[in-house]
């Protein structure tokens, strides 16, 4: 049986990139150190900052919230009801229970109640990919609430796998503007609040293990609308490489921040955005509504389109297996 | 049955990244155009330049030589006998036959006759990976012969798959110095001759098809010493991505040249190399022998080590299946 590198007790997890096994206690210690290193290396926030955590009910965001509280930070949660059928219902219930059990403050925005649409309907009406409509809406609402409620910083649960996969996609396309903007910290400015990703040094698998060890219940299923998107394809490709050479994923992402990003920064173009004439949020110009307000305008009040209707064949098959096919057709 | 996009006749090949099928004639035309575009876009050489083609007996280098002659260029071949058992024997025989049948001039260097070692022995004695010892030796000898024999340019058969895989490896490590140097043309200077890669716009599969259509016999087997190297792993990963989104590989490599490389160039550090006190070749300093001369010094005259002896378990298994296990143990 494998033993913990730190104490020699029975190990509960092997971490090939650290070439070691760990018991529960020393695994948690390793996670705490990686979190702490990310927070200080990238100057994310201080102990007296008020942090708003964007929580989805998945392992990453709940683990992040738990880790921040565990480390003594002041962190409230923000959950957005995206209206993705049973997936959203379950996510919301799990998130609320997590907050209640720990006496934490959870803010909520229901996108249908407040803006008159939901993600499946937005995808169906506009023909955008669901992930694109969802990302746009979440970025807007998270930033809006964080600034309105006076938080110093918004923290999201993007982990190393997420960031490496996004970097991988931007690199395959050599999208220099996106590469320039990819960072674990986006400073406040141009009308946007500060955003940080404290989990960039921790993997998806480590976050799942954190939840298991800490007894955190989370939504295990991937979002049914994300099935087959490129982000998941890039994650798979990186995992294949990482299984052959453990640490490939981490050195790809952290090496980018260390060695490539500095070369891109000094040639960065500065955009001077205006503000949306409708909601006041930062926007490319002041001449027309921001992308979120345009989405609201197109989709708000539209007859609701069920999740299953906007899935491709592959996603629908998985959806039926996970959630049953009775949910609207 | 699928039809040629150009003439409607029966197609012999489908090219997903061009979203089309082609008959033999129009496939060859497409290859000729891609070759011609690479030569002119990257200013590789002119009609009156004397070209030396580095030929291995594999599909890429033989196709390249054939394409250059076909396009009216003056191109001689250079074959290096690397001493990799039956693989080298077969490669040499195929290359000589190719040249003889077409009345082309083939230069030859046998590394054991001229330098007293072979690649398996060099790998065994030094503990270097075979691919590293081989690459070092080939670069040195190709450049040396091209300059001594007065060729204007050395052309190698690196195709789009090769270059994309090298770029992929350099990107995963964010090796900025290697990224800076990765180009389809290396200009003459610092004691080195000009080097070009005319096949950078054509894939491995297209080169195999060129050989089939043109009736070129080539060594089908990969080098037995290359099995399991990272280069092949990166090729596989890119092929998986390309099969999902045809054109990913091409846009990754060509997009790098187009958008990222220009950003790296102006911050390039200039090395002012010396020359090797032993062979006179360009080297980092003039104080010690160049890497090739050091390799010769360490390995020359050493008792010959058979290929099979320096293979890892996986490579040995494949080797035995392809070449038989009687070759030395």
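Residue numbers (our numbering), protein chains in the order written: chain A, 489 to 817; chain B, 489 to 817. Each residue gets a CB set at the ideal place from its N, CA and C atoms; glycine is no exception.
Candidates 616/A, 601/A, 571/A, 567/A: closest to residue 585/A by CA position | 567/A
Measure from the C-beta of residue 457/A to each C-beta in chain B and report whether the shortest distance is under 7 Å.
-> Any question about residue 457/A goes unanswered here, given that chain A covers just 489 to 817.
Assign residue 683/B to one of three DSSP states: helix, strand, or coil.
-> strand
In terms of DSSP beta bridges, what is residue 528/A paired with?
-> Per DSSP, none; premise fails for residue 528/A.
Can you say whether residue 731/A is buried or exposed, counting buried as having 16 or more other CB atoms within 10 angstroms of its CB?
-> exposed
The alpha helix (DSSP H) with residue 586/B in it runs from where to where?
-> 573-590
Residue 747/B CB to nearest chain A CB: under 7 Å?
-> yes
Round the Cβ separation of residue 613/B and residue 786/B to the nearest angstrom and send it over; I've been treating them as touching at under 8 Å.
-> 6 Å
Identify, in the order they occur along the chain, each residue of the same chain with its Cβ nearer than 8 Å to the Cβ of residue 607/B, setting aside the five sequence neighbours on each side.
-> 570, 571, 572, 599, 618, 621, 622, 625, 713
Any idea what DSSP makes of residue 728/A, helix, strand or coil?
-> helix
Would the beta-carbon of residue 542/B fall within 7 Å of that of residue 644/B?
-> yes
Quick one: grab the DSSP three-state call for residue 494/A.
-> coil
Verify the CB distance criterion: does residue 811/A have a CB-CB separation below 7 Å to chain B?
-> no
According to DSSP, which residues form a beta bridge with residue 772/B?
-> Answer by DSSP bridge pairing: none, since residue 772/B is not bridged.
So with Cβ pairs under 7 Å, would you call residue 653/A a contact of chain B?
-> no
Look up residue 760/A in the DSSP assignment and say whether it is helix, strand or coil.
-> Confidence is the limiting factor: at residue 760/A the pLDDT is only 49, short of 50, which leaves the residue's position unreliable, though a coordinate-based value still follows. Correct three-state label for residue 760/A: coil.
Stretch-stretch touch, CB-based, cutoff 8 Å, three pairs: the stretch 698-709 of chain B with the stretch 627-636 of chain B = no
In terms of residues, what are the limits of the beta strand (DSSP E) holding residue 567/A?
-> 562-569
Roughly how many angstroms lie between the CA atoms of residue 501/B and residue 734/B, to the nearest whole one?
-> 15 Å
7 Å Cβ cutoff, residue 725/A in contact with chain B | yes
Could you pull the start and end residues of the alpha helix (DSSP H) that residue 751/A belongs to?
-> 749-753
C-beta contact flag for residue 640/A and residue 538/A at 7 Å = yes
Using a cut-off of 8 Å between C-beta atoms, extract the partners of residue 736/B located in chain A.
-> 660
Buried or exposed (CB count within 10 angstroms, at least 16 for buried), residue 753/A = exposed
Contact set between residue 664/B and chain A, taken where Cβ atoms lie within less than 8 Å = 747, 748, 751
Residues bridged to residue 643/A (per DSSP) = 541/A, 684/A
Bridge partners - residue 501/A, DSSP secondary structure assignment = 510/A
Since residue 728/A meets chain B, which of its residues come closer than 9 Å, beta carbon to beta carbon?
-> 721, 724, 725, 728
Under the assumption that residue 649/A contacts residue 723/A (Cβ atoms under 8 Å), give the Cβ distance between them as a whole number of angstroms.
-> 6 Å
Any Cβ of chain A within less than 7 Å of the Cβ of residue 740/B?
-> yes
Is the beta carbon of residue 526/A less than 7 Å from the beta carbon of residue 689/A?
-> yes
Buried or exposed: where does residue 695/A fall if 16 or more other Cβ atoms within 10 Å of its Cβ makes it buried?
-> buried
Residue range of the beta strand (DSSP E) that residue 597/A falls in?
-> 594-598
Since residue 554/B is in the alpha helix (DSSP H), which residue starts that stretch and which ends it?
-> 547-558
Any C-beta of chain B under 7 Å from that of residue 716/A = no
Are there 16 or more other CB atoms within 10 angstroms of the CB of residue 651/B, so buried, or fewer, so exposed?
-> buried
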